[in-house]
Amino acid sequence: MKELVGTGRLLRLILRRDRILMPLWVVWTAVIPLGYVASINGLFPTAAGRAEYADQSAHNAGFVGLYGRLSGSSLGDLVAWRAGFIPVVIGLFSILTVIRHTRVEEETGRRELLGATVAGRYAGLAAALLATFGANLVLGVIVALGLTSQHLPAAGSWVLGLEFAAAGAMFTALAAVAAQLTTSARSARSIAVVALAAAYVLRLAGDISAMGAGTVSWLSWLSPIGWVQRIRPYGGDRWWPFALAACVTAVLVSAAVALSARRDVGAGLFPSRPGAASGAASLRSPLALAWRLHRGLLAGWVVGFALLGVVFGGVANSVGDMARDNQSFRDIVARIGGTSGVVDSDLAGSIGILGLFAAAYAIQATLKLRDEETNGHAEPVLSTATSRLRWAGSHLVFTFLGPAVALAAAGLAMGITYGVSAGDVDASVPRLLAASMAVLPAVWVLAAIAVVLFGVLPRLAAAGWGALAACLLLFLAGGAVRLDQWVLDISPYTHIPHLPGGAVTATPFVVLSVVAAALAAAGLARLRRRDVPTL
Amino acid sequence: MTEAIRTEGLVKTFGHTRALDRLDMSVHTGEVHGFLGPNGAGKTTAIRILLGLTRADAGTARLLGGDPWADATALHRRLAYVPGDVTLWPNLTGGEVIDLLGRMRGGLDRHRRADLLDRFDLDPRKKGRAYSKGNRQKVALVAALASDVELLLLDEPTSGLDPLMEEVFREAIREEQRRGDRTVLLSSHILSEVEALCDRITIIRDGRAVETGTLADMRHLTRTAIHAELAAPADGLATLPGVHHLRTEGGQVRFDVDTEALDAALRQLTAVGVRSLVSQPPTLEELFLRLYDRKGGSAAGVDADLDSDPAAAAGSGRDGAEVSR
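Right, here's the structure in full:
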């Protein structure tokens, strides 16, 4: 037991450090299923309507791919099915939390500082695991209580809550193993996230296969996400996947403990490889440095966007099929803002989501400047013959052009997959590519807000995320709640025409671009005047 | 003699803390100038103002004939900087960082780079995250020393280096000194390092320069320790002005004496007959301790009344011939 001495104190430290992020994340995630209850009740108030919707959804490859298989048509069935993506979200959060409190601590040397105090060998790992398991459990309880309060069956609600917690627990344990493998937190994070993505893709492939001949439907059984979805809350409440999840979690935790016992603090199982002894001839400018620092991020977002484009493009045609057979659904889609056809409306909605994601990338790329400044990496660069504008500009290339590349990848992928399913690749590729690129000015406005914050209030630079959260809220609430137009107008996305299908005028693009340029210029002007903070 | 650095009345406040309080300093071209002071005295703030990273609230600063804030980019072509706490990009190797920083300044001397890597025993192929503190420091040092520049701004550059590497660093600075055309501002709280390397020294305390000059100049301001074995008791010593902490044990006397009273004191000793004599010059450490040991004292000139100094503090530096850290 002496190996665990100090776990309690470290646990309190983790809870203290995450006292804002963790509750925010847990509550935000737990509230999503409640939103589904309201929206499904609103769209399909009758059992017959739900049955029809369920029947179509269960045979729609796009939906099954995104959320998993649907096997009932009760309100609970539909909510649990629509929440099929939440285990992935919880898994991601669990991975990030565990890595942040294990490998990041070691990489920064803080673990060593604590390790020298009265803290057992496994105390740090145990505290990170307990905190994350705890957060997952609380999330599950909130889901269960929330759904029960919405008059869904209590048993099913608890099972759904526990399903989420079980998914979170497995990826928590997985991250604990990943944290033992590499010396860098970044690589550990990548390993765990790739494993999560693999679990999702295996489930997706298996479930889609099961809709047809089912030759590779066994793939779902290789995926922890596939297991927990076999629990089927409200429609069977099977318990055996919980046993499986508990076993996997236990095995992974023991593996993490065993690995951590075999290595030194700070070391990893995989040694870091040596790199170049001298800089390539091209590594001679701030832009070359920025490319080295941003290329991984850019590649990740571009690949992610291309995959989303594939999914969105593939789903769009099935939405059209569904709407052709269902009068009420078509009315709804038309009311939400579709002007020339349900499919265009769906594609425009997908591109709207991509636009918000692209802003997340733009803000992340901008905040890299702040990271460079607070990590002490900016100081040596600014002590060379590099002006502040050149330094900032080299990063802002990625802020403003990175999202363009990502959106182009998504538009291209959407155009190809939709074009293949609809049989008009030649027309749909340029159309969807242009529609995707059209959201760029709105993305730039959000990016420019982050630039202004960085220049004027560097300590509050992260508040740029708040602007994105506000736009996301308006995007999600806009269709459902009747908001005054001036409220909707706050979001730059409101001013972008709904494309494809909408009417295009140059004014909004010009105005938004000018606003973005003015904000960015103001931020950079202030950056030139202010102090570069010390470590 | 031209000046590489000159500041007059530099003031910088952070919130309620006054980091610099009318700092005046002057560094001559071609010299190695020690910038000495304990943690928090304002050394780093002063260097950051000289680099144009921070703007002074008041006062003027000139660097290589230019304004460090307005002409930052042009001036940075002619200088190299080593921070006290070097952080490297985790995914760039040490060699890449050295080349990148050198190229973004005025250029890099390939031979000197190879020579320094060898002498500092640094593996340039490791990624930034894999280096220890001392090795990160070496990366920044090699990048600065191999750069083709006129001025080196070194902010506590040897923190984290082992004694062997510190010796390599000293040798490298001495080479710069011999070349004669490079100016080095060496901020440090390691007295032996400053004592061994610097032509002139500025001592900073609470954001003000309290002493400046050569080490010899400063020694004039303090006392020499005398330990003598005498043929007979020397009665006049106790009443002689400038003699402090006089202790007599049998035929032996120990005392500290102000530089201006040294001659008179020695006359007293030789008058009674000296059998053996050990005289120790004041170390920089002593000077330093004298300047800092007065809690809340005035700007602490060494010429203030020194009798109230704790004898232990003054004596500790004297036990070893070299200044201990």
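Protein sequence lines, in the order shown, are assigned to chains A and R.
Those letters in the first sequence? Residues 13 to 547, per our numbering, in order.
Those letters in the second sequence? Residues 145 to 469, per our numbering, in order.
Positions of the beta carbon are idealized from the N, C-alpha and C atoms, including for glycine.
Computed from a predicted structure; not experimentally measured.
Go ahead and pull the three-state DSSP assignment for residue i.
{"i": "R:Glu300", "result": "coil"}
{"i": "R:Lys271", "result": "strand"}
{"i": "A:Gln162", "result": "coil"}
{"i": "R:Ile144", "result": "Chain R is shown only over 145 to 469; residue 144 of chain R falls outside these bounds and no answer can be derived."}
{"i": "A:Leu511", "result": "coil"}
{"i": "R:Ala202", "result": "strand"}
{"i": "R:Thr403", "result": "helix"}
{"i": "R:Val446", "result": "Residue placement at R:Val446 is poorly supported in this model, since its pLDDT is 40, which falls under 50; the coordinates are not used for a value here."}
{"i": "R:Asp215", "result": "coil"}
{"i": "A:Tyr134", "result": "coil"}
{"i": "R:Glu355", "result": "strand"}
{"i": "A:Ala9", "result": "Here chain A covers residues 13 to 547 and nothing more, so residue 9 of chain A does not appear."}
{"i": "R:His177", "result": "strand"}
{"i": "A:Ala377", "result": "helix"}
{"i": "R:Ala290", "result": "coil"}
{"i": "R:Leu252", "result": "strand"}
{"i": "A:Thr58", "result": "coil"}
{"i": "R:Tyr225", "result": "strand"}
{"i": "A:His548", "result": "Here chain A covers residues 13 to 547 and nothing more, so residue 548 of chain A does not appear."}
{"i": "A:Val516", "result": "coil"}
{"i": "A:Val277", "result": "coil"}
{"i": "A:Ser503", "result": "coil"}
{"i": "R:Leu266", "result": "coil"}
{"i": "A:Tyr48", "result": "helix"}
{"i": "A:Tyr246", "result": "coil"}
{"i": "A:Asn72", "result": "coil"}
{"i": "A:Val43", "result": "helix"}
{"i": "A:Arg31", "result": "coil"}
{"i": "A:Asp496", "result": "coil"}
{"i": "A:Ser395", "result": "coil"}
{"i": "A:Phe282", "result": "coil"}
For a contact defined as C-beta to C-beta under 9 Å, what are the partners of residue i on chain R?
{"i": "A:Gly388", "result": "Pro227, Asp229, Val230, Thr231"}
{"i": "A:Glu119", "result": "Pro234, Arg273"}
Could you list which residues in chain A have their beta carbon closer than 7 Å to that of residue i, in chain order?
{"i": "R:Leu236", "result": "Arg304"}
Residue i versus chain R: which residues are under 8 Å apart at the beta carbon?
{"i": "A:Arg296", "result": "Asp243, Leu244, Arg247, Met248"}
What does residue i pair with, by DSSP beta-bridge criteria?
{"i": "R:Gln396", "result": "R:Glu373, R:Glu393"}
{"i": "R:Ser423", "result": "R:Ile370"}
{"i": "R:Met169", "result": "R:Thr151"}
{"i": "R:Gly210", "result": "R:Leu207"}
{"i": "R:Phe158", "result": "R:Thr161"}
{"i": "A:Ser357", "result": "Answer by DSSP bridge pairing: none, since A:Ser357 is not bridged."}
{"i": "R:Val328", "result": "R:Val176, R:Leu296"}
{"i": "R:His388", "result": "R:Asp400"}
{"i": "R:Thr237", "result": "R:Lys271"}
{"i": "R:Val312", "result": "R:Val312 pairs with nothing; no bridge assigned."}
{"i": "R:Arg418", "result": "The sequence shown places Val at residue 418 of chain R, rather than the Arg named in the question. In the DSSP output, where bridge partners are listed per residue, R:Val418 has R:Leu374."}
Who are the neighbours of residue i on chain A, taking C-beta pairs under 8 Å?
{"i": "R:Leu197", "result": "Glu391, Leu394, Ser395, Asp543, Val544"}
Name the chain A residues that come within less than 9 Å of residue i, Cβ to Cβ?
{"i": "R:Ala163", "result": "What R:Ala163 touches in chain A: nothing, since even the nearest Cβ is about 10 Å away."}
{"i": "R:Gly181", "result": "Residues of chain A passing the Cβ test: none, with the nearest at roughly 16 Å."}
{"i": "R:Gly239", "result": "Gly287, Ala288, Ala289, Ser290, Gly291"}
Could you check whether the Cβ of residue i sits closer than 7 Å to any Cβ belonging to chain C?
{"i": "A:Ser399", "result": "Absent from the structure is chain C; the protein chains it does hold are A and R."}
For a contact meaning CB atoms closer than 7 Å, what does residue i contact in chain R?
{"i": "A:Leu301", "result": "Leu244"}
I want to know whether the stretch 120-140 of chain A touches the stretch 148-157 of chain A - three or more CB-CB distances under 8 Å. Taking a cut-off of 8 Å on C-beta distances, the stretch 120-140 of chain A does not touch the stretch 148-157 of chain A, as fewer than three cross pairs fall below it.
Answer yes if the stretch 243-251 of chain A comes into contact with the stretch 194-207 of chain R, meaning at least three C-beta pairs across the two stretches below 8 Å, and no otherwise. The stretch 194-207 of chain R makes no contact with the stretch 243-251 of chain A: fewer than 3 CB pairs, one atom from each, lie closer than 8 Å.
Any contact between the stretch 191-204 of chain A and the stretch 109-122 of chain A? By contact I mean 3 or more CB pairs, one from each, below 8 Å. Contact between the stretch 191-204 of chain A and the stretch 109-122 of chain A is present: three or more C-beta pairs spanning the two stretches fall below 8 Å.
Residues of the stretch 204-220 of chain R in Cβ contact with chain A at a cutoff of 8 Å, in chain order, please. Residues passing the 8 Å Cβ filter: Ala216, Thr217, Ala218, His220.
Report the residues of the stretch 189-211 of chain A with a CB closer than 8 Å to any CB of chain R, ordered along the chain. Flagged, chain order: Thr195, Ser196, Arg198.
When you check each C-beta in the stretch 514-530 of chain A against every C-beta of chain R, which residues fall closer than 8 Å? Along the stretch 514-530 of chain A, none of the residues has a CB nearer than 8 Å to a CB of chain R.
Between the stretch 213-225 of chain R and the stretch 266-275 of chain R, can you find at least three pairs of beta-carbon atoms closer than 8 Å? Under the Cβ criterion (8 Å, minimum of three pairs), the stretch 266-275 of chain R does not count as touching the stretch 213-225 of chain R.
Is the stretch 230-243 of chain A close to the stretch 206-213 of chain A, with three or more CB pairs under 8 Å? Cβ pair count under 8 Å is three or more, so yes.
With a cut-off of 8 Å, do at least 3 Cβ pairs link the stretch 219-230 of chain R to the stretch 387-406 of chain A? Under the Cβ criterion (8 Å, minimum of three pairs), the stretch 219-230 of chain R counts as touching the stretch 387-406 of chain A.
Taking 8 Å as the cut-off, does the stretch 394-412 of chain R touch the stretch 323-338 of chain R (at least 3 CB pairs, one atom from each stretch)? With the cut-off at 8 Å, the stretch 323-338 of chain R and the stretch 394-412 of chain R do not touch.
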